[in-house]
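Scroll down for the structure; my scribbles are underneath it.
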Amino acid sequence: MVELPLYGTEESRTQWKPLLDLIHERLAERGLSHALILGIGHCGGLHKNVIGFFKDISPGIGWHIAKHNRPQPREFPQNRYVEWMYIPRTLPVPSKYPRFPNDGKGLTCLMMQRLRDALQPPIAMRTMAERAYLLGDSGAGRICLDYWPVLNVGGSRRKTFLYDRYPTAIASQRKPQLMELSIPGPVGALSTPKIEALREGLQETEARFLIEDALADGKVGGELAERCKRLIDSRATLCRITHYEVDQLVAIEAWPARAEETYRLAAEIGRQGDRP
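151 is the number that our numbering gives to position 168 of the sequence shown; each next residue is one higher, with no gaps.
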């Protein structure tokens, strides 16, 4: 591990500027020149000298901040990626929860509370993307694929992950919530029920978006529209139950039927759009 010099010093500038310039160059080649962000900042905000230092050597750079409360409007210009840690325990129906005031729209906000390795049954993983959507978030965050457990050094009984390799660089409040969606195999990572449930849930949520957009745009009517509305309500109910008991739920009755109906209605809408 390399200990970095203090921000704002000439030594720090010598190390950081060439690195950030190269990262910007690589991102620009992929059309992502404005995608670079630094973090993770905390509730107290970022020191003005640190912000000024990076603004000077890399103009236009943004920050990732995690907060227990809403960011203030004055913080929006510098923060592009926000976690609001204390999410509501209940999901609103039918409108989205107002995570930010109007002038905060456009921020990327992630749901991360109550995501745990040991307390995350597959049904919670399957509904994760849709629950975040109902909260008004951009998705769920602090999820890792392969930070697997490793042997402790010194006889400690605490479970240690690959993430803990650099203990002096860890702020526990900022650590990942789901360390391992895969398991180690002979030649690499292997899939698990959790990651498959997450993948299937993302696909279902995309199908829900198609149905919801068709309703909003008036592209479906009559009996088909009524079936679509009933499905959206049913899916919201499933998400509300799952969200409230996210660390205790094992199964929800009839969720496979909801999934099947979601894809069936999405297909009907798709076929209707193909007609001359």
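The C-beta atom is built at its ideal place from N, Cα and C for all residues, glycine as well. The structure presented is a predicted model; accordingly, all values stated were derived computationally and were not measured.
- About 12 Å separates the beta carbons of residue 45 and residue 23, which is beyond the 8 Å limit, so they are not a contact pair.
- The beta carbon of residue 208 is closer than 7 Å to those of 198 in its chain, skipping five residues each way along the sequence.
- Rounded to the nearest whole angstrom, the CA to CA distance from residue 202 to residue 237 is 28 Å.
- The Cβ-Cβ distance between residue 29 and residue 61 falls below 9 Å.
- With fewer than 16 other CB atoms across the displayed protein chains lying within 10 angstroms of its CB, residue -8 is exposed.
- The C-alpha of residue 103 lies about 34 Å from the C-alpha of residue 10.
- A direct Cα-Cα distance of roughly 17 Å separates residue 222 from residue 177.
- Going by DSSP, residue 177 is part of the alpha helix (DSSP H) stretching over 176 to 199.
- Exclusion of the five residues before and after residue 105 leaves 176, 177 and 180 as the residues of its chain whose Cβ lies within less than 7 Å of its Cβ.
- The continuous beta strand (DSSP E) containing residue 47 extends over residues 45 to 50.
- Around the beta carbon of residue 211, 16 or more other beta carbons lie within 10 angstroms, which makes this residue buried.
- Under DSSP, the beta-bridge partners assigned to residue 167 are 172.
- Contact annotation: the segment 240 to 251 does not touch the segment 114 to 125, with fewer than three C-beta pairs closer than 8 Å.
- Within 10 angstroms of the beta-carbon of residue 133 lie fewer than 16 other beta-carbons, which makes it exposed.
- Residue 109 counts as buried, since no fewer than 16 other beta carbons sit within 10 angstroms of its beta carbon.
- Linking residue 8 to residue 190 through their CA atoms gives a straight-line distance of about 36 Å.
- Boundaries of the beta strand (DSSP E) around residue 24: 20 to 24.
- Inclusion of residue 33 and residue 47 in the CB contact set at 9 Å is not warranted, their separation being larger than that value.
- Contact check for residue 252 against residue 214 fails: the beta carbons are separated by 9 Å or more.
- Around the C-beta of residue 161, 16 or more other C-beta atoms lie within 10 Å, and the residue is accordingly described as buried.
- Secondary structure note for residue 208: its alpha helix (DSSP H) is the uninterrupted segment 205 to 227.
- Looking only at 114, 217, 2 and 249, the smallest Cα-Cα distance to residue 196 is reached by 249.
- DSSP places residue -1 in the uninterrupted alpha helix (DSSP H) bounded by -7 to 12.
- The Cβ-Cβ distance between residue 100 and residue 183 does not fall below 9 Å.
- As computed with DSSP, residue 144 is found in a beta bridge with 132.
- Around the CB of residue 188, 16 or more other CB atoms lie within 10 Å, so the residue is classed as buried.
- The continuous alpha helix (DSSP H) containing residue 118 extends over residues 111 to 118.
- Exclusion of the five residues before and after residue 127 leaves 146, 159, 161, 162, 163 and 164 as the residues of its chain whose Cβ lies within less than 8 Å of its Cβ.
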